[in-house]
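S.K.: So for the sequence shown, this note's numbering puts the first residue at 12; every next one is plus one. Idealized CB from N, CA, C, for every residue including glycine. Given the structure is predicted, the values throughout are model-derived calculations rather than measurements.
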Amino acid sequence: MLRRDIFRAGLAGTASLFGLRRASAATGEERLKVAYHLSDVDKVNFVLGNIKNHYEGTGGNVDVVLVVHGPALAAFKAKSASGATSSRFAGLVQQGLTPQACGNTMDGMNLTLADLLAGFHVADKGGVVKLAELQRQGYVYLRP
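In structure tokens form, the structure reads like this:
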């Protein structure tokens, strides 16, 4: 009887370990999905730095969407964006960043995509609606 119990315990332990290894392997392959929310113009460089750190910390195994609305969108105007912001932003877009500009903010500021740094897409229904949609799709919401 004791031998059988020891055998069952060993078998259960081995099966559990195998299951954990498979779960761990599956998690390791899964890409992170992150939505950054930016509306404060004073936080533009801070948020871009966080996104850069996110790419570096995950080895690029992350899908990042940056949703910009309100006063922060002014920092991304092609004609007036600082050289540092333009350069940093362009590098992040090359790494795969998907920037979304709030359509309502664009209308309020009389902006088109041509007025913004290259890479932006329009969040037609608005920035906050886009953020809610992304969360429903499994994106983690971050507002640094």
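1. Quick one: what does DSSP say residue 65 is sitting in, helix, strand or coil?
2. Below 8 Å on the Cβ atoms is my guess for residue 62 versus residue 77; work out the distance and round it to an integer in Å.
3. Rounded to the nearest angstrom, what separates residue 90 and residue 125 at their Cα positions?
4. First and last residue of the beta strand (DSSP E) that includes residue 124?
5. Run the proximity test for residue 69: is its beta-carbon closer than 6 Å to any non-hydrogen atom belonging to the ligand GDP?
6. If you measure between the beta carbons of residue 151 and residue 45, is that distance less than 7 Å?
M.R.: Per the coordinate set shown:
1. helix
2. 7 Å
3. Residue 90 and residue 125: Cα-Cα distance of roughly 10 Å.
4. It is not in any beta strand (DSSP E) - residue 124 carries neither H nor E in the DSSP assignment.
5. This structure lacks the ligand GDP; in fact it carries no ligand of any kind.
6. yes
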